[in-house]
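Residue 354 is where the sequence shown starts when you use the working numbering, and the numbers rise one by one after that.
C-beta: ideal position from N, C-alpha, C; glycine also.
The structure appears below as structure tokens.
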Amino acid sequence: MRTTVLFLFALMVSLSANAFQVDDFQERYIDLVDKTFNKNEAYSTVAFVEKYFRVVGNEGFDVSIYHVAKKLEKAGFVKESVAKANDRLTYRIEKRALERKTWEPVSASLKLASGQEVLNFETNRNMIAINSFSTEGEKDFEMVFVGDSKPAEFDDYDLKGKVVVGAGSARIFFQEAVVKRGAAGVMVYSIPDYNQPTKHVNSISFSSIPLNEEKESFGVLLSNKAYDQLMDVIFEDQLGIKLNIETNIYESEELTLVAELKGSKMPEERFVFSAHVQEPGANDNASGVGVLAEVAASSARLLQANQINPERTITYLFGDEIVSTRRYVQEDKERAKGIKWGMSLDMVGEDTEKTGGTFLIEKMPDPGAIWVRGVEKHSEWGGRPLTKEQLKPHYFNDLVISVFKNIGEQKNWEVNFNPFEGGSDHVPFLQGNIPGLLLWHFTDQFYHTDGDRLDKVSKETMHNVGTGALAIALMLTENEDNLANMILLNTTTKATIRLQQEMNLSKSNIASGADKATELDILNTWVDYYSKVFNTVLDTDPKNMEAFKKNLEESQSALATYANMLRSQLKD
354 MRTTVLFLFA LMVSLSANAF QVDDFQERYI DLVDKTFNKN EAYSTVAFVE KYFRVVGNEG
414 FDVSIYHVAK KLEKAGFVKE SVAKANDRLT YRIEKRALER KTWEPVSASL KLASGQEVLN
474 FETNRNMIAI NSFSTEGEKD FEMVFVGDSK PAEFDDYDLK GKVVVGAGSA RIFFQEAVVK
534 RGAAGVMVYS IPDYNQPTKH VNSISFSSIP LNEEKESFGV LLSNKAYDQL MDVIFEDQLG
594 IKLNIETNIY ESEELTLVAE LKGSKMPEER FVFSAHVQEP GANDNASGVG VLAEVAASSA
654 RLLQANQINP ERTITYLFGD EIVSTRRYVQ EDKERAKGIK WGMSLDMVGE DTEKTGGTFL
714 IEKMPDPGAI WVRGVEKHSE WGGRPLTKEQ LKPHYFNDLV ISVFKNIGEQ KNWEVNFNPF
774 EGGSDHVPFL QGNIPGLLLW HFTDQFYHTD GDRLDKVSKE TMHNVGTGAL AIALMLTENE
834 DNLANMILLN TTTKATIRLQ QEMNLSKSNI ASGADKATEL DILNTWVDYY SKVFNTVLDT
894 DPKNMEAFKK NLEESQSALA TYANMLRSQL KD
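And the structure:
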């Protein structure tokens, strides 16, 4: 570790002419946002949005969009259609016809033939599979139990006109039992182990079936307790059930809310936030909507108080997960050229004492997603190993982690990160070769279940996440003179520590019999990665380019020297 300390000391001396500290630079923004972010307002938005089972185009989705728009207007955002040329806070609601009809649940109940109730929508709001049709009143059905049979084995059962009960994918069951074999509907149990179904016996994971207007059929999603109840009566040859499902399926349109704080000097360059509105949970993702709405309102208050003056634009997107963000990145090539950073807010409000897990920053693909070891750990969501060709070298990873670790130390709040896994609004940014990452929580034992309600949301967590998110956006868009040097020094510090960690791991592995060439390749990949990361700091357009390039060259040279020192230790 002595070599690490000496290297950092030498590099900091070489940059000392900038007369600033990374922590001081970051903490000015953190303190500024921390004082203005209103956690109660964020929470009230979550409380409004989480009341609705939100599917793109349905009433709950739409009223959530308009609710946020109203809050933005109150904060000072002006409709783009009536905004003046000098209005910097604007918003618009984009409308597009949906290719398929939207869906919303109204009510449902499942009873045994005896009249004993097994499930009711009022207490199990995820019990109706998305895209299910109504039964048109309470209807009697006969059940067929197939357990975890494979689809090819369904031919062994008489399914026509009956309700198929089993464990597996609702979509697959529906396709195989209803579409191909004429079943009346399906009732399916499928809850991941991380949801702890034997503990939360009434939890139901929401899911969907294909919208099939020819069949007009249904799917019922079962809790652990409900599945056990049905198996008990089936094994006693009591196959009758009473099912009453009411849903609405109708033509609609897709709404996307786009708000902006326009940059004063480089409005075409932007930092883009994204929070998806659909999904029925409080944390997933009413919390993202609530935090981003307050991030936007906080930035408006700071602008109006002349406490900030971003040179670049900050954009706030609210819409359909991945779809809205992908469209924003892809539909306007000129606009896309100016998107410099993207950040997804998804499941960002958790009371971790109740939900489990921790706050996570999902990084852009770095070598930690190839070799998951040491400080790297995948969430229970899981990820696949990446290749070197898929890496996205950029300072954004270390900058975001640094800011949130700073807040974590101040607030006694646990902050962690995970290798790239995908599955949310950061993906379209990366697919567009734009730096993008995800703020989220996992593991959450209530994830995608009807236990994801307002009581699992923490005002303090939302405050912390919102503070970090906006502080980072302001740092990058205000574009202060020392921004590039702050990022370079922060990146150099993180690179030094990380390379030392990787060398120590590899040295230990070699001592235990690992292949030396493989371990050297891991270290070299990290060195190459950080060498490229240093160069990405140029995308901040440093104010004093000549002086910055000198600092950059010194950093690159010092990194190469340090890397050679580590390689020699690994080869010994």
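Exercise for the section: Give me the Cα-Cα distance between Leu912 and Arg623, rounded to the nearest whole angstrom. Expected result: 30 angstroms
Problem - Other residues of its chain near Met898: CB distance less than 8 angstroms, five sequence neighbours each side excluded - result: none
Handout entry: For Glu664 and Met700, believed in contact at Cβ under 8 angstroms, the rounded distance
Key = With a Cβ gap of about 31 angstroms, Met700 and Glu664 do not count as contacting.
Problem - Run of the beta strand (DSSP E) containing Glu607, from where it starts to where it stops - result: Glu606 to Leu614
Handout entry: Contact under 8 angstroms by Cβ, Ala653 with Leu442
Key = yes
Practice task
Can you tell me which of the three DSSP states Tyr405 falls into?
Solution key: coil
Handout entry: Phe530 burial status per 10 Å Cβ neighbour count (16 or more: buried)
Key = A small correction: the amino acid at residue 530 is Ala; Phe does not occupy that position in the sequence shown. It counts as buried.
Practice task
Determine contact between the segment 379-394 and the segment 811-819, defined as no fewer than three beta-carbon pairs at a distance below 8 angstroms.
Solution key: yes
Handout entry: Identity of the residues DSSP links to Arg623 by a beta bridge
Key = Thr666 and Ile692
Handout entry: For Asp590, the first and last residue of its enclosing alpha helix (DSSP H)
Key = No alpha helix (DSSP H) holds Asp590; DSSP gives it neither H nor E.
Exercise for the section: Using the Cα positions of His779 and Lys515, report the straight-line distance between them to the nearest angstrom. Expected result: 43 angstroms
Handout entry: Proximity below 8 angstroms, CB of Glu855 to CB of Ile863
Key = no
Practice task
State the Cα-Cα distance for the pair Lys924 and Met839, rounded to the nearest angstrom.
Solution key: 34 angstroms
Handout entry: Integer-rounded CB distance, given that Trp456 should sit under 8 angstroms from Val408
Key = 5 angstroms
Exercise for the section: Measure the CB-CB distance between Ser561 and Ala537 and report whether it falls below 8 angstroms. Expected result: no
Problem - Cβ-Cβ separation, Ala646 to Ala928 (assumed contact under 8 angstroms), whole Å - result: Residue 928 is absent from the model: the chain starts at 354 and stops at 925.
Exercise for the section: Output the boundary residues of the alpha helix (DSSP H) element that contains Tyr382. Expected result: Val375 to Thr389
Handout entry: Inter-residue spacing [alpha-carbon to alpha-carbon] between Trp879 and Asn759
Key = 24 angstroms
Exercise for the section: Buried or exposed for Ala370, please, with buried defined as at least 16 other CB atoms from any protein chain shown within 10 angstroms of its CB. Expected result: With a pLDDT of 39 at Ala370, under the threshold of 50, the modelled position of that residue is not reliable, and the figure given next carries that caveat. Label assigned to Ala370: exposed.
Practice task
State the CB to CB distance for the pair Ala635 and Leu807, rounded to an integer number of angstroms; the pair is presumed to be in contact (CB under 8 angstroms).
Solution key: 5 angstroms
Exercise for the section: Spatial neighbours of Trp793 within its chain, please: CB distance less than 6 angstroms, with the 5 preceding and 5 following residues excluded, ordered by chain position. Expected result: Asp699, Met700 and Leu713
Practice task
Give me the Cβ distance between Ser574 and Met480, rounded to the nearest whole Å; I'm assuming they're in contact under 8 angstroms.
Solution key: Looking at the sequence itself, residue 574 is Leu, so the reference to Ser does not match. Confirmed, about 6 angstroms.
Exercise for the section: Taking Leu425 as the reference, give the member of Val648, Gln469, Thr893 and Asn888 with the closest Cα. Expected result: Val648
Practice task
Look at the Cβ atom of Leu783, then the Cβ atom of Met717, and state whether they are nearer than 8 angstroms.
Solution key: yes
Problem - Buried or exposed by the 16-neighbour rule on C-beta atoms within 10 Å, applied to Val890 - result: buried
Handout entry: Nearest candidate by alpha-carbon position, reference Lys885, set Gln798, Leu744 and Pro781
Key = Leu744
Handout entry: CB-CB length for Asn555 against Asn477, believed under 8 angstroms
Key = 7 angstroms
Problem - Member of Tyr580, Asp797, Glu412 and Glu907 whose CA lies at the smallest distance from the CA of Leu465 - result: Tyr580
Handout entry: Secondary structure of Pro458, DSSP reduced to three states
Key = strand
Practice task
Reducing DSSP to helix, strand and coil, say where Asp493 ends up.
Solution key: strand
Exercise for the section: Please go through the same chain and pick out, in chain order, the residues whose beta-carbon is closer than 7 angstroms to the beta-carbon of Ser861, but skip the five residues on each side of it. Expected result: none
Handout entry: Residue closest to Ala461, alpha-carbon to alpha-carbon, out of Arg920, Tyr547, Ser485 and Trp734
Key = Ser485
Handout entry: Alpha-carbon to alpha-carbon, Lys427 and Ser576
Key = 42 angstroms
Exercise for the section: For Ala482, count neighbouring C-beta atoms within 10 Å of its own C-beta (all shown protein chains included) and say buried if the count is 16 or more, exposed if not. Expected result: buried
Practice task
Pair every Cβ in the segment 518-529 with every Cβ in the segment 497-509, then say whether three or more of these pairs are closer than 8 angstroms.
Solution key: yes
Problem - Helix, strand or coil at Phe430 according to DSSP, with G and I counted as helix - result: coil
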